[in-house]
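Top to bottom, those sequences are chains A and B. With my numbering applied, the first sequence corresponds to residues 1 to 453, in that order. With my numbering applied, the second sequence corresponds to residues 454 to 906, in that order. Read the structure below first, then the notes.
Protein chains: 2
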Amino acid sequence: MKRYIETNRNRFFEELFSLLRIPSVSAKAEHKPDMYFCAQRLCELLLEAGADSADIYETAGNPVVFGQKIIDPSLRTVLVYGHYDVQPAEPLEKWRTDPFEPVIAPDATGQDAIWARGANDDKGQLFMHIKAFEYLVSTGRLRHNVKFLFEGEEEIGSPSLPAWIKAHKKMLAADICLVSDTTMISEKVPSINCGMRGLSYLEVKVTGPNKDLHSGHYGGAVANPIQVLCEMISQLFDADGRVAVPGFYDKVVELSRADRRMLARAPFDLKEYKDFLGVRELRGEKGYTPLERTGIRPCLDVCGIWGGYTGEGAKTVLPSEAHAKISMRLVPNQLSSEITRLFAKHFKSIAPKYVKVEVTPCEGGDGFLIPIGSSAYKAASRAIAEVYGIEPVPARGGGSIAVLAEVQKILGIDPLLLGFGLERDTIHSPNESYLLSQLFRGMESIARFYDYW
Amino acid sequence: MKRYIETNRNRFFEELFSLLRIPSVSAKAEHKPDMYFCAQRLCELLLEAGADSADIYETAGNPVVFGQKIIDPSLRTVLVYGHYDVQPAEPLEKWRTDPFEPVIAPDATGQDAIWARGANDDKGQLFMHIKAFEYLVSTGRLRHNVKFLFEGEEEIGSPSLPAWIKAHKKMLAADICLVSDTTMISEKVPSINCGMRGLSYLEVKVTGPNKDLHSGHYGGAVANPIQVLCEMISQLFDADGRVAVPGFYDKVVELSRADRRMLARAPFDLKEYKDFLGVRELRGEKGYTPLERTGIRPCLDVCGIWGGYTGEGAKTVLPSEAHAKISMRLVPNQLSSEITRLFAKHFKSIAPKYVKVEVTPCEGGDGFLIPIGSSAYKAASRAIAEVYGIEPVPARGGGSIAVLAEVQKILGIDPLLLGFGLERDTIHSPNESYLLSQLFRGMESIARFYDYW
């Protein structure tokens, strides 16, 4: 497919950029029209690539795009999953270019990349599947039925998709679910994800006095909700760096020494890792390596906090409220619904009596594991090995694609995570980018996967 | 002066409203022009009220208004201090009316009040002085020289005023400094402030990784700066509710039992206090009453906190930075500059090695005490007693007017705090208001003060 890419390179950029220009931010209601624009554009791209049909389906939330090409019902069927919604671009002032006006420019190491929100996650990655499909169709090499399912709510936890999948089980029937929405360890150490963490995401609100107060008149006599929220958050970890929510680890499966040894084969350079992050020391659960802490162990992070006066200058206020957004990454067997309940109960239980505490669940999903002995895994491994010149290692991804556990459950098929993102892409952060080399090697690997499976 | 108020009531409202409509928010650079508009309007009002002169003076920051009427250099001179700048109005969504479009409407108890940012603090209160002066001039009763000094930077700690006062010492020479920028205990318990707390205000920044990270890919392995900031803030108090900054209390003067008994005579209804605030329990330094905690004891409050994603929905991010604004209210003898230094040193010392911490001083000022045996205090006490029908009690104010300690030092005169605000006015908060009854009784009390001093 290398030559096909070379010939069509500029058209590919134009097509991908047309998706990246649409600010399809699912977290913000104001972008609702953009979700439809983006879904419409995907239908066009699928049809142009050779799909028999491509349609927008309404859900309880943002629309789903479904397209397919059925060449022979007796052949194996691939279901491609991707999402066209993106994370909010904030903080905007930290972007070097407009997040919704993609540009191609070299990164710090001189490698050309596309810079835009969604360049990798997930518009760039789902685009690879459309182009690999186009190549197979246009060259007469397609030997599978292919179905595309693109949703618009992944970044907010796919609240509507499970019900929609249940309602369209037959239409979605397939033998494997291909997903490119993850990273590999590095360009030199390609890897295939064999598991993802689940997620529980909640918002907490601590209310002290019923109105903002003058900190001079009341300071010292009235509990400050920011202070209390900080004290409560500081109690969420024990001295060993473990999450101090009772029951949090009850269902976590301890990996065997052999399994841990296998995972430890993934290369990891502590100094390089710290240098990339600009930190002097790491922090995490006692008794586990950094890769284990992000791969096989659950964790808790405060993703956002706000309260009181946060503008310019010095406003002296003892505020009425303080807020935080808290995410917990879960490992297989931990149920998101149960962890959300345990957290809410615990957080309320540690609230001192001079404040009121509210906990609101925002989104969640379970983690899952993927069998690495399957023919699909082996085909993917062979394809990637040929394109990269190195056999990929199996790895456990720290992120979450909440809906994939549902796909596994409802459709009874395993996902295969062919992620070509790299940590350097800084998805979910300012200046998201995607290396052209990864974009093109991803397309090539995917096309070869169809050959070998 | 009662009849004069009745006759001129509507004109008074129009004049005060013309000040309140100008959004003279000193914390925000965008309001720079409004500072000049407001200063200009004050000059007009002073001249109309009978001043010989009223002019705008440039400072290193916002302009100062100075006006005066010298009837006989051998008579005693009153210097009136006030400030025309106001606190930011945020959060705007909590205002029931436009903060910069004043209206007269009854409060929850049916008493008419003016609703606007600055209705009390300090435009409403400084206006009382202009009108009392106008009354004395127009009725030929004035027996003092009167000077007015209105500054535009009180809410940001008066950074420019001390230098300006030093440069205009002779012009400002006076025998007393009248200030109406504080509250009294209640309408039924009028009080005169005999001391104010000082202030140290700082901003802190905790930096973890050098960019926002995907909380799935790094969560569990990298220190989260919000978590660390919360842990650091939670260490700022000890188990007895004392500020845990070493040296913080070193210079605090312990009041004698007799002094504490005298202060305890101020009426205080715990249930009413808690009900007004909507809290079940109070919190503060062990061994002191709520009034002592806000009057004679220093304290620390987090006035604002922010970090990570604070918008709508669920963004999973492990942020690079977390911030907080911290104010400390100081009692006499605690030096603001020293406390700021102690805090900065301590806060950096408790930073764990996986983050970087920056501390930026924002504003500060020392506290001060006022002698209650003076002839001016006695004249004010008599004036208020006549207007309210009850003798006012001496009280210690919890707030800070940073510049008054400087006035005391540079000009060598004592301030007299004739505050007619009430806690119900919720200055610095949404829906600031000022009761008409307090506005008018304030004017009357001030006019009588001139009679008795």
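All residues carry an ideal CB built from backbone N, CA and C; glycine is no exception. These figures come from a predicted structure and were not determined experimentally.
Query	Result
Where residue 223 of chain A meets chain B, residues with beta-carbon distance less than 8 Å	732, 734, 735, 736
Between the CA atoms of residue 279 of chain A and residue 322 of chain A - distance to the nearest angstrom	28 Å
Residue span of the beta strand (DSSP E) that contains residue 782 of chain B, given as start and end	774-783
Contacting positions in the region 200-219 of chain A - beta carbon closer than 7 Å to chain B	201, 208, 209, 210, 211, 212, 213, 214, 215, 216, 217, 218, 219
Rounded C-alpha distance that separates residue 292 of chain A from residue 374 of chain A	24 Å
Contiguous beta strand (DSSP E) assignments of at least 3 residues, all confined to the region 5-62 of chain A	53-57
Closer than 9 Å at the beta carbon, the chain A residues around residue 879 of chain B	211, 212, 213, 214
Sufficient close CB pairs (3 or more, under 8 Å) joining the region 186-206 of chain A to the region 379-389 of chain A	yes
Collapsed DSSP secondary structure at residue 211 of chain A in the structure displayed	coil
C-beta neighbour in chain A for residue 910 of chain B, strict 8 Å	Residue coverage of chain B in this structure runs from 454 to 906, which leaves residue 910 of chain B outside it and unanswerable.
Length of the line joining the Cα atoms of residue 725 of chain B and residue 621 of chain B	46 Å
Span of the beta strand (DSSP E), counted from its first residue to its last, around residue 417 of chain A	415-417
Where the region 308-329 of chain A meets chain B: residues whose CB sits under 8 Å from a CB there	308, 309, 310, 311, 312, 313, 314, 315, 316, 317, 318, 319, 322, 323, 324, 325, 327, 329
DSSP beta-bridge partners of residue 113 of chain A	A:105, A:435
Pairwise C-alpha distance: residue 667 of chain B and residue 108 of chain A	20 Å
Spatial distance of residue 101 of chain A from residue 118 of chain A (CA atoms)	11 Å
For residue 621 of chain B, three-class secondary structure by DSSP	coil
Residue 768 of chain B, enclosing alpha helix (DSSP H) - first and last residue	Per DSSP, residue 768 of chain B belongs to no alpha helix (DSSP H) and is neither H nor E.
Neighbour flag for residue 474 of chain A against chain B, beta carbons, 8 Å	Shown here, chain A extends from 1 to 453; a query on residue 474 of chain A therefore has no answer.
Contact with chain B by residue 183 of chain A, beta-carbon distance below 8 Å	yes
Below-8 Å beta-carbon distance, residue 803 of chain B vs any chain A residue	no
Residues that residue 28 of chain A contacts on chain B, provided the C-beta gap is smaller than 8 Å	764, 765, 766
Residue of B:652, B:750, B:662, B:793 minimising C-alpha distance to residue 737 of chain B	B:750
Residue 370 of chain A at chain B interface by Cβ criterion, 8 Å	no
Sub-8 Å separation of residue 576 of chain B and residue 465 of chain B beta-carbons	no
Own chain partners of residue 529 of chain B with C-beta closer than 6 Å, once the 5 adjacent residues on each side are dropped	597, 628
contact_flag[the region 435-443 of chain A, the region 879-887 of chain B] where n(CB pairs < 8 Å) is 3 or more	no
Below-8 Å beta-carbon distance, residue 306 of chain A vs any chain B residue	yes
Integer-rounded CB distance, given that residue 289 of chain A should sit under 8 Å from residue 258 of chain A	The Cβ separation is near 16 Å, so there is no contact.
Element boundaries [beta strand (DSSP E), containing residue 600 of chain B]	598-604
Burial state of residue 372 of chain A, where buried means 16 or more other Cβ atoms lie within 10 Å	exposed
Residue 178 of chain A and residue 65 of chain A closer than 8 Å at C-beta	no
Which of helix, strand or coil DSSP assigns to residue 300 of chain A	strand
Any chain B beta carbon closer than 8 Å to residue 294 of chain A	yes
Chain B residues whose Cβ lies nearer than 9 Å to that of residue 84 of chain A	Result: empty, since nearest Cβ-Cβ is about 16 Å, beyond 9 Å.
Within chain A, the residues that residue 750 of chain B reaches when beta carbons sit closer than 7 Å	220
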